[in-house]
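Peer 1:
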Amino acid sequence: MPSIRPPAVAGSFYPRDPAVLSAEVAAFLADAAPAHGPAPKAIIAPHAGYQYSGAIAASVYARLSPLRGRIRRVVLAGPAHRVYVRGVALPDVEAFDSPLGSVPIDRAAAASVLALPFVESSTRAHALEHSLEVHVPFLQRVLGTFSLLPLVVGDASIDEMAQLLEVVWGGPETLVVVSSDLSHYHPYDEARVIDRATVEQILRLDPCLVPETACGAAPINGLIEVARRRALDVELVDLRNSGDTAGGRDRVVGYAALAFHERGHA
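In our numbering, the protein residues as written are 1 to 266.
Structure below.
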């Protein structure tokens, strides 16, 4: 039997029941603004429980609807929360499972990044990690059939992440997704100021984010560096926090959705 990475946070971060999950993701996407302008080459989206950040994630996932049938590979990078990772970790599995079905791992892309000295194979790093898992149902709903390159990012430098992304950047068949929340547990008004500054830094393509303001700082910084080299345009799609969605306002978590566009691509 092929080895599969099973869901770890189904039933807590998002519904376990396939019908309920499909309906919830569809509702988030239906509430998002319709896709317009060029389709993204890369996106940044949050990874909290759907009640908190699902609407923000959906705002940028809705932009991907024109790419259904065109995207054949998704490079999905998110921060390590559970296990220390020196650089970047891939799971030693053949598929990522979700309540909506299994997504095959892109074995050719996996082999290409495993050749890099800072990339390791670690099923343990992926076993309980939520930062990638919560994106898979959105990707399945929006894109349909695709293969996945799931990357848990730990203590990776800007140059290392940029090098990795360049290896798997590909063409119009490849989408890059970076998973990150923003500031954690500040009062609502303070968080808004911090998160706006973080977003402005991303919009300036300044690859110097720190984990205190974006837990996915390492993969974001790598994406920003590639965006600078390739002259990508970046657009803020949504910026809110848990005080705007489903939580109190005394200690909030920030969420942003951003889209990166290649110039001259529809």
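In this text, a Cβ means the ideal position worked out from N, Cα and C, and glycines have one as well.
Tell me where the beta strand (DSSP E) around residue 238 begins and ends.
Peer 2: 233 to 241
Peer 1: Go through the stretch 79 to 160 residue by residue and report every complete run of the beta strand (DSSP E) that reaches 3 residues or more, in order.
Peer 2: The qualifying runs are 88 to 90, 95 to 98, 101 to 104, 119 to 121, 147 to 153.
Peer 1: Identify the residues that DSSP records as bridge partners of residue 179: which are they?
Peer 2: 45
Peer 1: Leaving aside the five residues before and after residue 43 along the sequence, list all residues of the same chain whose C-beta is less than 6 Å from its C-beta, in chain order.
Peer 2: Taken in chain order, the residues that qualify are 60, 177, 259.
Peer 1: Keeping to the same chain, check which residues put their C-beta closer than 6 Å to that of residue 53; ignore five residues upstream and five downstream.
Peer 2: In the same chain as residue 53, and ignoring 5 residues on each side of it, the C-beta atoms closer than 6 Å to its own belong to 46, 255, in chain order.
Peer 1: Can you tell which of 145, 184, 232, 167 has its C-alpha closest to the C-alpha of residue 65?
Peer 2: 145
Peer 1: Taking the Cβ atom as the reference point for each residue, do residue 99 and residue 7 lie within a distance shorter than 9 Å?
Peer 2: Taking 9 Å as the Cβ cut-off, residue 99 and residue 7 qualify as a contacting pair.
Peer 1: Going by DSSP in three states, residue 4 sits in which element: helix, strand or coil?
Peer 2: strand
Peer 1: With a threshold of 6 Å on Cβ separation, who are the neighbours of residue 5 within its own chain once the five nearest residues in sequence on each side are excluded?
Peer 2: Within the same chain, residue 5 has close Cβ partners 91, 93, 96, 126.
Peer 1: Report back the beta-carbon spacing between residue 341 and residue 220 to the nearest angstrom; my notes put them in contact at under 8 Å.
Peer 2: In the structure displayed, the chain extends from 1 to 266; residue 341 sits before or after that span and is not available.
Peer 1: Under three-state DSSP, which class holds residue 254?
Peer 2: Looking at residue 254 - three-state DSSP - the assignment turns out to be strand.
Peer 1: Output needed for residue 104: all residues of its chain with C-beta closer than 6 Å, excluding positions within five of it in sequence on either side, in chain order.
Peer 2: 95, 147
Peer 1: CA-CA distance, residue 228 and residue 31?
Peer 2: 32 Å
Peer 1: Among 69, 262, 77, 37, which residue has its Cα nearest to the Cα of residue 180?
Peer 2: 77
Peer 1: Please report the Cβ distance between residue 134 and residue 9, rounded to the nearest whole angstrom; I am assuming they are in contact, meaning their Cβ atoms lie under 8 Å.
Peer 2: 7 Å
Peer 1: Is it the case that the CB of residue 211 approaches a heavy atom of the ligand SAH more closely than 8 Å?
Peer 2: The model depicted lacks the ligand SAH and carries no ligand whatsoever.
Peer 1: In angstroms, rounded to a whole number, what distance separates the CA positions of residue 190 and residue 110?
Peer 2: The alpha-carbon of residue 190 is positioned some 41 Å away from that of residue 110.
Peer 1: With residue 232 and residue 262 assumed to form a contact (beta carbons below 8 Å), what rounded beta-carbon distance in angstroms separates them?
Peer 2: 6 Å
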